[in-house]
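Note that full-length UniProt numbering has the sequence shown beginning at 1, numbered continuously upward.
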Amino acid sequence: MSNVISPRIYGCFNCMNHVALHDDILSKDFVAGRRRAFLFSHVMNVVAGRKMDRQLITGLHTIAYVHCSDCKEFLGWRYEKAYVEAQKYKESKTAGRRRAFLFSHVMNVVAGRKMDRQLITGLHTIAYVHCSDCKEFLGWRYEKAYVEAQKYKESKTVLIKCNIVKDNW
1 MSNVISPRIY
11 GCFNCMNHVA
21 LHDDILSKDF
31 VAGRRRAFLF
41 SHVMNVVAGR
51 KMDRQLITGL
61 HTIAYVHCSD
71 CKEFLGWRYE
81 KAYVEAQKYK
91 ESKTAGRRRA
101 FLFSHVMNVV
111 AGRKMDRQLI
121 TGLHTIAYVH
131 CSDCKEFLGW
141 RYEKAYVEAQ
151 KYKESKTVLI
161 KCNIVKDNW
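Below is the structure:
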(Lines of atoms letter the chains of each structure in order from A and count residues from 1; the text may use other names and numbers.)
(Lines give C-alpha, C1' and ligand atoms only; values in the text may rest on other atoms or scores of the structure.)
Protein backbone atom coordinates (compact mmCIF):
# COMPACT_ATOMS: atom_id res chain seq x y z
CA MET A 1 0.00 0.00 0.00
CA SER A 2 1.45 3.37 -0.97
CA ASN A 3 1.64 6.24 1.47
CA VAL A 4 -0.80 9.01 0.70
CA ILE A 5 0.46 12.41 1.75
CA SER A 6 -2.27 15.00 2.06
CA PRO A 7 -1.56 18.40 0.53
CA ARG A 8 -0.94 21.42 2.74
CA ILE A 9 -4.23 23.28 2.70
CA TYR A 10 -5.14 26.86 3.60
CA GLY A 11 -8.58 27.39 5.08
CA CYS A 12 -10.88 30.26 5.88
CA PHE A 13 -9.87 31.49 9.33
CA ASN A 14 -13.52 31.78 10.34
CA CYS A 15 -14.97 28.39 9.32
CA MET A 16 -11.88 26.43 8.11
CA ASN A 17 -13.42 25.87 4.66
CA HIS A 18 -10.55 24.84 2.35
CA VAL A 19 -9.69 27.77 0.08
CA ALA A 20 -6.20 27.13 -1.32
CA LEU A 21 -3.37 24.63 -1.62
CA HIS A 22 0.19 25.35 -0.55
CA ASP A 23 1.44 24.49 -4.04
CA ASP A 24 -0.66 27.35 -5.46
CA ILE A 25 1.26 30.05 -3.57
CA LEU A 26 3.07 32.36 -5.98
CA SER A 27 4.40 34.71 -3.29
CA LYS A 28 4.48 34.80 0.51
CA ASP A 29 6.00 38.30 0.51
CA PHE A 30 3.15 39.97 -1.29
CA VAL A 31 1.72 43.23 0.07
CA ALA A 32 -2.05 43.84 0.04
CA GLY A 33 -2.68 47.40 1.15
CA ARG A 34 -0.29 47.80 4.07
CA ARG A 35 -0.51 44.15 5.15
CA ARG A 36 1.52 41.11 4.21
CA ALA A 37 -0.39 38.65 2.10
CA PHE A 38 -0.04 35.55 -0.03
CA LEU A 39 -0.58 35.65 -3.77
CA PHE A 40 -2.26 32.46 -4.99
CA SER A 41 -2.43 31.19 -8.56
CA HIS A 42 -5.65 29.31 -7.81
CA VAL A 43 -8.24 29.35 -5.02
CA MET A 44 -11.34 27.25 -4.36
CA ASN A 45 -14.55 27.53 -2.37
CA VAL A 46 -14.68 31.30 -2.73
CA VAL A 47 -17.18 33.66 -4.31
CA ALA A 48 -16.18 36.85 -6.06
CA GLY A 49 -18.04 40.13 -5.78
CA ARG A 50 -18.52 42.71 -8.50
CA LYS A 51 -15.53 43.91 -10.49
CA MET A 52 -14.24 47.40 -9.73
CA ASP A 53 -11.31 49.57 -10.73
CA ARG A 54 -8.86 50.41 -7.93
CA GLN A 55 -5.71 52.53 -7.95
CA LEU A 56 -3.26 50.37 -6.00
CA ILE A 57 0.40 50.99 -5.16
CA THR A 58 1.43 49.20 -8.36
CA GLY A 59 -1.04 51.00 -10.61
CA LEU A 60 -4.61 50.75 -11.81
CA HIS A 61 -6.21 47.29 -11.54
CA THR A 62 -9.67 45.82 -11.94
CA ILE A 63 -10.27 43.64 -8.87
CA ALA A 64 -13.09 41.64 -7.31
CA TYR A 65 -13.29 41.01 -3.57
CA VAL A 66 -13.40 37.31 -2.69
CA HIS A 67 -15.29 35.80 0.22
CA CYS A 68 -15.50 32.30 1.69
CA SER A 69 -18.29 30.38 -0.05
CA ASP A 70 -19.49 28.93 3.28
CA CYS A 71 -19.43 31.75 5.84
CA LYS A 72 -18.99 34.75 3.47
CA GLU A 73 -15.92 36.01 5.39
CA PHE A 74 -13.77 38.51 3.42
CA LEU A 75 -10.56 36.76 2.34
CA GLY A 76 -8.91 39.14 -0.12
CA TRP A 77 -9.33 39.96 -3.78
CA ARG A 78 -8.75 38.60 -7.26
CA TYR A 79 -6.93 40.66 -9.85
CA GLU A 80 -9.13 40.66 -12.94
CA LYS A 81 -7.11 43.09 -15.06
CA ALA A 82 -3.85 44.99 -14.72
CA TYR A 83 -3.44 48.17 -16.74
CA VAL A 84 0.33 48.42 -16.16
CA GLU A 85 2.22 45.98 -18.40
CA ALA A 86 4.65 44.94 -15.64
CA GLN A 87 1.68 43.93 -13.44
CA LYS A 88 -0.08 41.67 -15.98
CA TYR A 89 1.25 38.56 -14.19
CA LYS A 90 -1.33 39.24 -11.43
CA GLU A 91 -4.32 38.77 -13.70
CA SER A 92 -6.59 35.93 -12.51
CA LYS A 93 -4.53 35.62 -9.29
CA THR A 94 -5.89 36.08 -5.77
CA ALA A 95 -4.35 37.98 -2.86
CA GLY A 96 -5.38 36.72 0.56
CA ARG A 97 -4.58 38.74 3.65
CA ARG A 98 -4.80 37.84 7.29
CA ARG A 99 -2.51 37.84 10.28
CA ALA A 100 -2.80 35.88 13.50
CA PHE A 101 -0.82 35.46 16.71
CA LEU A 102 -0.18 32.43 18.93
CA PHE A 103 -0.73 33.03 22.66
CA SER A 104 0.14 30.87 25.67
CA HIS A 105 -2.51 32.52 27.85
CA VAL A 106 -5.76 34.26 26.94
CA MET A 107 -8.61 35.58 29.04
CA ASN A 108 -12.28 36.41 28.63
CA VAL A 109 -12.77 33.80 25.92
CA VAL A 110 -14.96 30.71 25.72
CA ALA A 111 -14.13 27.63 23.68
CA GLY A 112 -16.56 25.71 21.51
CA ARG A 113 -16.66 21.99 20.83
CA LYS A 114 -13.45 20.15 19.96
CA MET A 115 -12.99 19.02 16.36
CA ASP A 116 -10.24 17.45 14.29
CA ARG A 117 -8.88 19.65 11.48
CA GLN A 118 -6.25 18.94 8.86
CA LEU A 119 -4.27 22.18 8.93
CA ILE A 120 -1.19 23.22 6.98
CA THR A 121 1.05 21.78 9.70
CA GLY A 122 -0.79 18.48 10.06
CA LEU A 123 -3.77 17.03 11.92
CA HIS A 124 -4.83 18.92 15.07
CA THR A 125 -7.75 18.85 17.47
CA ILE A 126 -8.90 22.45 17.86
CA ALA A 127 -11.72 24.39 19.47
CA TYR A 128 -12.93 27.76 18.18
CA VAL A 129 -12.69 30.54 20.76
CA HIS A 130 -15.13 33.43 21.11
CA CYS A 131 -15.29 36.58 23.21
CA SER A 132 -17.03 35.70 26.48
CA ASP A 133 -18.98 38.99 26.38
CA CYS A 134 -20.10 39.52 22.77
CA LYS A 135 -19.54 35.94 21.44
CA GLU A 136 -17.54 37.25 18.45
CA PHE A 137 -15.26 34.66 16.82
CA LEU A 138 -11.62 35.39 17.80
CA GLY A 139 -9.62 32.35 16.69
CA TRP A 140 -9.00 28.81 17.92
CA ARG A 141 -7.20 26.83 20.60
CA TYR A 142 -4.98 23.86 19.80
CA GLU A 143 -6.16 21.01 21.99
CA LYS A 144 -3.96 18.28 20.49
CA ALA A 145 -1.28 18.08 17.81
CA TYR A 146 -0.76 14.73 16.12
CA VAL A 147 2.55 15.70 14.51
CA GLU A 148 5.43 15.59 17.01
CA ALA A 149 7.00 18.82 15.74
CA GLN A 150 3.69 20.65 16.39
CA LYS A 151 3.21 19.54 20.03
CA TYR A 152 4.42 22.97 21.25
CA LYS A 153 1.05 24.38 20.08
CA GLU A 154 -1.01 22.25 22.48
CA SER A 155 -3.05 24.40 24.92
CA LYS A 156 -2.07 27.56 23.01
CA THR A 157 -4.53 29.87 21.30
CA VAL A 158 -4.42 31.57 17.91
CA LEU A 159 -6.16 34.95 17.85
CA ILE A 160 -6.83 36.66 14.54
CA LYS A 161 -5.35 40.17 14.62
CA CYS A 162 -8.24 41.92 12.89
CA ASN A 163 -10.64 40.40 15.45
CA ILE A 164 -8.74 41.55 18.55
CA VAL A 165 -7.25 44.97 17.78
CA LYS A 166 -8.23 48.02 15.84
CA ASP A 167 -6.50 48.41 12.45
CA ASN A 168 -3.39 50.62 12.41
CA TRP A 169 -2.68 50.34 16.16
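We put the beta carbon where it would ideally sit given N, CA and C, even for glycine.
These numbers come from a predicted model, not from an experiment.
Nearest to residue i by CA position, among the options, is which residue?
| i | options | result |
| --- | --- | --- |
| residue 159 | 149, 128, 64 and 70 | 128 |
| residue 92 | 141, 111, 64 and 112 | 64 |
| residue 106 | 132, 90 and 78 | 132 |
From the DSSP output, which residues share a beta bridge with residue i?
| i | result |
| --- | --- |
| residue 52 | 63 |
| residue 125 | 116 and 144 |
Between residue i and residue j, which are expected to be in contact by the criterion C-beta below 8 Å, what is the C-beta distance as a whole number of angstroms?
| i | j | result |
| --- | --- | --- |
| residue 26 | residue 40 | 7 Å |
| residue 59 | residue 84 | 4 Å |
| residue 103 | residue 144 | Actually they do not touch by this definition, with Cβ atoms about 17 Å apart. |
| residue 61 | residue 48 | The Cβ separation is near 14 Å, so there is no contact. |
| residue 130 | residue 119 | Residue 130 to residue 119, Cβ: 19 Å. No contact. |
| residue 95 | residue 30 | 6 Å |
Can you tell me where the beta strand (DSSP E) holding residue i begins and where it ends?
| i | result |
| --- | --- |
| residue 78 | 74-82 |
| residue 95 | 94-96 |
| residue 157 | 157-160 |
| residue 57 | Unbroken run through residue 57: none, as it is neither H nor E. |
Against chain B, with Cβ distances strictly below 7 Å, would residue i count as a contact?
| i | result |
| --- | --- |
| residue 157 | In the structure shown, chain B cannot be found, because there is only a single protein chain. |
Quick check on residue i: buried or exposed, where buried means 16 or more other Cβ atoms within 10 Å of its Cβ?
| i | result |
| --- | --- |
| residue 151 | exposed |
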